[in-house]
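Here UniProt numbering is used: position 613 in the sequence shown is 613, and no number is missing along the way.
The C-beta atom is built at its ideal place from N, Cα and C for all residues, glycine as well.
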Amino acid sequence: EPFVADEYIERLAWRTPGGGSRGGEAFDPKRLLEEFVNHIQELQVMDERIQRKVEKLEQQCQKEAKEFAKKVQELQKSNQVAFQHFQELDEHISYVATKVCHLGDQLEGVNTPRQRAVEAQKLMKYFNEFLDGELKSDVFTNSEKIKEAADIIQKLHLIAQELPFDRFSEVKSKIASKYHDLECQLIQEFTSAQRRGEISRMREVAAVLLHFKGYSHCVDVYIKQCQEGAFLRNDVFEDAAILCQRVNKQVGEVFSNPETVLAKLIQNIFEVKLQSYVRDQLEEHRKSDAEQYLKNLYDLYTRTTNLSSKLMEFNLGTDKQTFLSKLIKSIFISYLENYIEVEIGYLKSRSAMILQRYYDSKNHQKRSIGTGGIQDLKERIRQRTNLPLGPSIDTHGETFLSQEVVVNLLQETKQAFERCHRLSDPSDLPKNAFRIFSMLVEFLCTEHIDYALETGLAGIPSSDSKNANLYFLDVVHQANTIFHLFDKQFNDHLMPLISSSPKLSECLQKKKDIIEQMEVKLDMGIDTLNCMIGQMKHILAAEQKKTDFKPEDENNVLIQYTNACVKVCGYVRKQVEKIRNSMDGKNVDTVLMELGVRFHRLIYEHLQQYSYSCMGGMLAICDVAEYRKCAKDFKIALVLQLFDTLHALCNLLVVAPDNLKQVCSGEQLANLDKNILHSFVQLRVDYRSARLARHFS
């Protein structure tokens, strides 16, 4: 433990009698001092003894250090001597090794010609046997030495090719015959080993055959036997993938060039199995059923490319992507060359059939529609003289727009876009996609939506028709919904195919023209508002009576507003709701503002036709208040402001003569023309009294 002086003093005092640390003992400073002095002397003696011991140990340590240093120096000298000996030994070993290498080269120089001579002697011996016509050597007669025999006959075959034919024709034919026989035996041995599943034997035989001309035939046999029993299910593509997966694991253990063998297997599968399967599937429907033909073509091409993607995992050489692409192209080239023509032809006939089936279900015979351009439509809109377009027809409430037809057309086009993306050459993809889009525009936008708009415009009744049914708004509603679906397909399926090509601007312009043409025709349908106003006029003419605002008994009026007002407001609310359901965006506000302004003008002019008693004026105010409540449904500030002003004008019909000037100078009427104010005051039955005329003037 570390030395603490205070604790040491405390323990010393505690042990000393009279030190004052023990309980009950008197403190004796002299004894304590005496004890401290004695203890100090003991400590000094102890210190001197320890100091002498330390000095002795230091001297001993210095002596041992000198001895150790001397010993280290001696070891260093010994190490230097040993290192010198090692260098000498290394030089000697290098010298000996050089001599040995030189001797080895000399021996090899002597032995190599000797071995060649021995080898040549053996070959000459075997060659003589062929010359004699009798093969006596064990290597040719023992079937277990077929490997050695193959090596010999392969060398003899090369030698025989260099010999002149006229002198050695017979022996050359014998060697060739033996060469062929051994080759057949090796291939047969390889085939048997493959059937037995002996991979090591297959590897040995394949290594021997590698130097024979029949090596490729060995590979062909291997490929043929691999496919035996591999295509038993209906899914040839899955079978092919499983087969290649299995062979990929085995081929590296058998052949020295596994990537070449596996590539040859895949080529055989594509050119034999897959091509035959594809041809059988497509030729059956190529001329008789375009729909099934296109479905099969898309499905087969997709499954083939998926198989190709799986095969990309294997080692097939340097450029396996190009290799597999060529194989796919070789299968489908004859079908892809005219794919888009088949697609367009099918899409055209299918779309026409869908539309015709719909119109037949409605017992409707399509009539020819105008072919004028957008400028012609705009001119008709400016003049507003050609509506209805052509003779007015009664559609019996039919919009001639069908969600089912639209969904069918869009579904067919969606599938066509998918096929186009998969089957078109990348360079032709934007052009082909544009042709499909043109078909969609022709049959959906022109033949269906545009025809329905034209028919709807032709069915708009004149403004003076009674009980007119305004079906054009239903057409607008359905056309709006359909065009949203058309726009969604444009963005989801067409844009990815043309986004990086010049065809993008062409498609966008075509879409813009279609939208503009439809909007122009929808705008032409704004004359539906004239029919609405005409209906309101009929209601007011039929329901409003002169006695409504000049009752015979002023004190016995029980109604809050007139029957004409109730029916007009009910009609207006229905039309407002119909407009909101039929349109969206800013179009709703634009049409409602136009209708609201015309509605206000109609009520304003209607009120100008009657004279008003005091109670009749109150009833007119109640009617206008109801009209104003109806105007709130428009949610258009201008329309509400117009009816607020009209309500203020109606107050002139009931205000006391003395207060007329004060009312006319109010906030809502101060900015109006005095002639307008005067025209309302003139409607009072008491206007001709001198007092009223004097106050107003």
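| Counting only runs that start and end within the region 397-485, where is the alpha helix (DSSP H) found for 4 or more residues in a row? | Taking only runs of at least 4 residues, the alpha helix (DSSP H) segments lying wholly in the region 397-485 are 403-423, 429-440, 451-458.
> If you measure from the beta carbon of P2 to each beta carbon in chain D, is any gap under 7 Å?
Replying inline: Among the protein chains of the structure shown there is no chain D, as only one such chain exists.
| query | First and last residue of the alpha helix (DSSP H) that includes A13? | reply | A13: member of the alpha helix (DSSP H) spanning 5-15, first to last residue.
Query raised in the report: What's the gap between the Cα of I533 and the Cα of R367?
Result: Distance between the alpha carbons of I533 and R367: 30 Å.
- Query: Got a sec? Which residues, its chain only, sit under 8 Å from L282 by beta carbon, not counting five neighbours each side?
  - Reply: Here L282 has Y293, N296, L297, L300, Y335 as same chain residues with Cβ atoms under 8 Å from its own Cβ, once five neighbours each way along the sequence are excluded.
- Item | Inter-stretch contact at 8 Å, needing at least 3 Cβ pairs: the region 421-436 / the region 396-408 | As far as the Cβ criterion goes, the region 421-436 does not touch the region 396-408, which means the pair count is below three.
| request: Use the C-beta contact count for D6: other C-beta atoms within 10 angstroms, 16 or more gives buried, fewer gives exposed. | output: That one is exposed.
Between the alpha carbons of E454 and E313, how many angstroms are there, rounded? C-alpha separation (whole angstroms): 59 Å.
Need the endpoints of the alpha helix (DSSP H) that R233 sits in, please. It is not in any alpha helix (DSSP H) - R233 carries neither H nor E in the DSSP assignment.
query: Within this structure, are the beta carbons of E594 and A564 separated by less than 7 Å?
result: In this structure, E594 lies away from A564, with their beta-carbon atoms at least 7 Å apart.
**Item:** CB of A290 within 7 Å of CB of Y346, strictly
**Value:** Less than 7 Å divides the Cβ of A290 from the Cβ of Y346.
Exercise for the section: Write down every uninterrupted run of the alpha helix (DSSP H) in the region 274-321 whose length is 4 residues or greater and which is fully enclosed by it, in chain order. Expected result: Note on the region 274-321: whole alpha helix (DSSP H) runs with a minimum of 4 residues are 275-283, 290-311, in chain order.
Could you please give me the residues that DSSP links to R684 through a beta bridge? Its beta-bridge partners are Y612.
>> I'd like the ranges of any alpha helix (DSSP H) spanning at least 4 consecutive residues and lying wholly in the region 500-584.
In response: Those alpha helix (DSSP H) runs which fall completely within the region 500-584 and span 4+ residues are 503-524, 528-543, 563-582.
Tell me whether Y612 is buried or exposed, calling it buried when 16 or more other Cβ atoms sit within 10 Å of its Cβ. With 16 or more other Cβ atoms within 10 Å, it is buried.
Boundaries (first-last residue) of the alpha helix (DSSP H) holding R367
Segment: none, R367 is in no alpha helix (DSSP H) and carries neither H nor E.
Open item on the list: What does the Cβ neighbour count give for D474, buried or exposed, with the cut at 16 atoms within 10 Å?
Closed with: So D474 counts as buried.
**Report entry** Proximal residues to L540 (C-beta, below 7 Å), its chain only, five neighbours per side dropped
**Finding:** Within the same chain, L540 has close Cβ partners A564, V568, H606.
**Item:** Contact under 7 Å by Cβ, L649 with C664
**Value:** Not in contact: L649 and C664 (Cβ atoms no closer than 7 Å).
Using three-state DSSP, classify A69 as helix, strand or coil.
Helix at A69.
| Residues in its own chain within less than 6 Å of T304 by CB, not counting five upstream and five downstream? | The answer, listed in chain order, is I328.
Self-check item: Same chain only: Cβ atoms within 6 Å of R246, ignoring 5 sequence neighbours per side
Solution: Annotation for R246: no residue places its beta carbon closer than 6 Å to its own, counting only its chain and skipping 5 residues before and after.
**Asked** Hey, H600 and V624 are a contact pair by Cβ (cut 8 Å); roughly how many whole angstroms apart?
**Response** Between V624 and H600 the Cβ distance is about 10 Å, and since that is not below 8 Å, they are no contact.
Inset, instruction - Under 6 Å Cβ to Cβ from P258, same chain only, skipping five residues before and after it: list those, please. - result: The answer, listed in chain order, is V251, G252.
* **Three-state class that DSSP yields for H85 in the structure shown** => H85 carries a helical assignment under DSSP once its states are collapsed to helix, strand and coil.
query = So is L389 buried or exposed if we call it buried at 16+ other beta carbons inside 10 Å?
reply = In this predicted model, L389 has a pLDDT of only 41, less than 50, meaning its place in the structure is not dependable; the value taken from the coordinates is given anyway. Result: buried.
| task | Give a yes or no on contact between the region 342-356 and the region 436-456, applying the rule of three or more CB pairs nearer than 8 Å. | result | When Cβ pairs closer than 8 Å are counted between the two stretches, the region 342-356 is seen to touch the region 436-456, the count reaching three or more.
Mind checking whether E412 and R350 have CB atoms under 7 Å apart?
-> Yes, Cβ-Cβ distance for E412 and R350 is below 7 Å.
_Which residue marks the beginning of the alpha helix (DSSP H) containing F643, and which one marks its end?_
First-last of the alpha helix (DSSP H) with F643: 637-650.
Using a Cβ-Cβ cut-off of 8 Å (strictly less than) and excluding sequence neighbours within five positions of T371, which residues of its own chain qualify?
Caution is warranted here: a pLDDT of 47 is assigned to T371, below 50, making its placement in the model unreliable, and the coordinate value is therefore given only provisionally. Here T371 has no same chain residue with a Cβ atom under 8 Å from its own Cβ, once five neighbours each way along the sequence are excluded.
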